[in-house]
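Contents: one structure, followed by commentary.
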Amino acid sequence: MIYVLIAIICSVIVSINFKLFKRYDTNAFQAIVFNYPTAAIFCYLVFKPDLSTSPNNTEWLLYVVIAVLLISIFYFIGKSIATSGIVLTAIAQRLSLIIPVLSAFLIFSETTNTLKIIGLTIGLIAIYASKPNGKLDFKNIINWYPLIVFFGTGIIDVLFNLLTKLETISFTASLVYIFTIATVIGFISLLIQYFKGVLKFQVKAALAGIVLGIFNFGSIYF
21 MIYVLIAIIC
31 SVIVSINFKL
41 FKRYDTNAFQ
51 AIVFNYPTAA
61 IFCYLVFKPD
71 LSTSPNNTEW
81 LLYVVIAVLL
91 ISIFYFIGKS
101 IATSGIVLTA
111 IAQRLSLIIP
121 VLSAFLIFSE
131 TTNTLKIIGL
141 TIGLIAIYAS
151 KPNGKLDFKN
161 IINWYPLIVF
171 FGTGIIDVLF
181 NLLTKLETIS
191 FTASLVYIFT
201 IATVIGFISL
211 LIQYFKGVLK
221 FQVKAALAGI
231 VLGIFNFGSI
241 YF
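One point on numbering: in this note's numbering, the residue at position 157 of the sequence shown is 177, and numbering is uninterrupted.
Below you can see the structure in the form of structure tokens.
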């Protein structure tokens with residue numbers, strides 16, 4: 021129970037960090053990029069995965085797809101929190117559990133039983149109960165960020181479920197590879213923006229990214 025509580029705290033702190041980026045004029049994308057080398061290092065040091073087995077081409081492709089999605093959806097989570105608030109973004113993330121649950125039955129052919137159905141029902145009720153008081157006026161939302169967060173988070177969960185079924189590469193090793201690829205892609209993107217003159221490096225964004233990476237890893241570890 022204590023681990024679940026810590027995981028929830030880490031997730032909440034991640035959301036709060038995104039909210040603070042706007043207040044303190046911190047470049048969110050830079051912070052997101054610096055978050056991934058931090059998460060990769062912590063994954064390697066804590067999990068100590070066996071990296072001696074080289075992934076095949078299909079696995080590398082899967083890693084790249086997940087890495088791109090992680091950076092993209094993390095960015096949209098930040099945008100959603102900044103424009104639509106933490107509550108609506110959290111609801112979108114929680115609702116996304118419907119996607120991996122359905123995929124488990126339809127794609128991975130997992131058997132269903134009464135316990136799973138009850139669990140899904142309770143989860144949906146909890147999601148509904150977590151909405152803010154009153155109705156959400158979607159006409160006042162100037163973008164579709166929460167919807168992108170909903171589908172993106174759900175798809176990422178499905179792909180992570182696929183990772184657990186790999187026979188040659190452990191899940192923790194896959195995490196190290198994915199976070200490392202996300203780091204490379206992120207820094208390439210930052211360099212391109214820098215040389216185009218559209219981005220100015222912020223030390224505070226790098227430090228914020230390290231903090232973000234620590235709590236991002238915490239939400240995974242616990």
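C-beta: ideal position from N, C-alpha, C; glycine also.
Non-local beta-carbon contacts of L195 in its own chain, meaning distances under 7 angstroms to residues more than five positions away in sequence, involve C63 in chain order. Separation of N77 and I198 (C-alpha to C-alpha, rounded to the nearest whole angstrom) is 14 angstroms. Using a C-beta cut-off of 8 angstroms, the segment 113-128 makes no contact with the segment 40-57, since fewer than three inter-stretch Cβ pairs fall below that distance. It is roughly 43 angstroms from the alpha-carbon of G105 to the alpha-carbon of T73. Boundaries of the alpha helix (DSSP H) harbouring W80: N77 to S104, taken from the DSSP string.
Within the same chain, T73 come within 6 angstroms of T188 by CB-CB distance, once the 5 residues on both sides are set aside. Under the criterion of beta carbons closer than 8 angstroms, S239 and V34 qualify as touching, at roughly 6 angstroms.
Contact annotation, I212 with I91: C-beta distance approximately 14 angstroms; criterion of less than 8 angstroms not satisfied.
Around the beta-carbon of L232, 16 or more other beta-carbon atoms lie within 10 Å, marking it buried. Contact check for Q113 and T173: beta-carbon distance about 5 angstroms, within the 8 angstroms limit, so the pair qualifies. Here the alpha carbon of Y165 sits roughly 9 angstroms from the alpha carbon of I101.
The closest CA to that of L82, considering only L167, I208, F180 and F215, is found on F180. Approximately 19 angstroms separates the beta-carbon atoms of F171 and L183; this is outside 8 angstroms, ruling out the contact. Taken through DSSP and simplified to helix, strand or coil, I208 comes out as helix.
Counted as a single uninterrupted DSSP element, the alpha helix (DSSP H) harbouring F54 occupies residues A48 to F67.
Annotation: V66 to T200 spans about 15 angstroms, alpha carbon to alpha carbon. Excluding five sequence positions before and after A225, the CB atoms of its chain that fall closer than 6 angstroms to its own CB belong to T46, N47, Q50 and A51, given in chain order. DSSP places F171 in the uninterrupted alpha helix (DSSP H) bounded by Y165 to L183.
With contacts defined by Cβ atoms closer than 9 angstroms, I86 and I28 do not form a contacting pair. Around F94, the same chain offers I52 and N55 as residues with beta carbons nearer than 8 angstroms, after the five sequence neighbours per side are excluded. The alpha-carbon of F41 is positioned some 35 angstroms away from that of L71. 9 angstroms or more divides the Cβ of V178 from the Cβ of I97.
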